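Structure, as structure tokens:
In our numbering, the protein residues as written are 85 to 272.
The structure is reproduced here in structure tokens:
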């Protein structure tokens, strides 16, 4: 229990080099308001046949059911391989250890990783579908693990994007070629 009249009611900090964890609980957390400067991430498992690295766009590929009553399912992801996929799960942040630390390098099939599901992330992008401007809606591209401008369609004279395929908004511009940009992941 925490109470304060002018500052933090509860403050957690750690001297761990990986910054894991200032606060940890197996129980549900409740908050009337929630503020973050970083991204919200999900621990998942590489369920594909190839390695995943930071910046890859990934899709849901299944799940492993819990073996105990209080465990959550394990979400499986793999590299996005089709344009405008409605199954995009987010953007790979990096490998993840069972001890709760982000790790360097690629996540091999079967390994755990962190996927950004909301908030800022760096992603691999291609301008094959056109230049990308800040604010543009993004979806998966024909290049495995790469984002591109979302496909546009016209419905009753109104131009929009293919429903369910947008996973992010560009925060930076890329005029041509392939590269990396920051995006704001916002699954739809």
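For each residue, glycine too, the CB sits at the ideal point set by N, CA and C.
On a predicted model such as this, the values are computed, not experimentally measured, just so you know.
Status (buried if at least 16 other CB within 10 Å, exposed otherwise) for residue i
i: residue 87; result: exposed
i: residue 99; result: exposed
i: residue 237; result: exposed
i: residue 200; result: buried
i: residue 90; result: exposed
i: residue 231; result: buried
i: residue 329; result: Because the chain spans 85 through 272 in this model, residue 329 falls outside it and cannot be assessed.
i: residue 94; result: exposed
i: residue 164; result: buried
i: residue 124; result: exposed
i: residue 121; result: exposed
i: residue 209; result: buried
i: residue 149; result: exposed
i: residue 132; result: buried
i: residue 260; result: exposed
First and last residue of the uninterrupted beta strand (DSSP E) at residue i
i: residue 263; result: 262 to 270
i: residue 224; result: 221 to 224
i: residue 253; result: 252 to 254
i: residue 231; result: 231 to 233
i: residue 242; result: 242 to 245
i: residue 238; result: 236 to 239
Cβ distance (whole Å) where residue i is taken to contact residue j below 8 Å
i: residue 274; j: residue 130; result: The first residue shown for the chain is 85 and the last is 272, placing residue 274 beyond what the model contains.
Entirely enclosed beta strand (DSSP E) segments - the region 124 to 199, minimum 3 residues
124 to 130, 141 to 148, 158 to 163, 172 to 180
With three or more C-beta pairs closer than 8 Å as the rule, is the region 131 to 138 touching the region 214 to 223?
no
Indicate whether the contact test is met: 3 or more Cβ pairs, each with one atom in the region 238 to 258 and one in the region 165 to 180, closer than 8 Å.
yes
Does the pairing of the region 180 to 189 with the region 220 to 239 give three or more beta-carbon distances under 8 Å?
no
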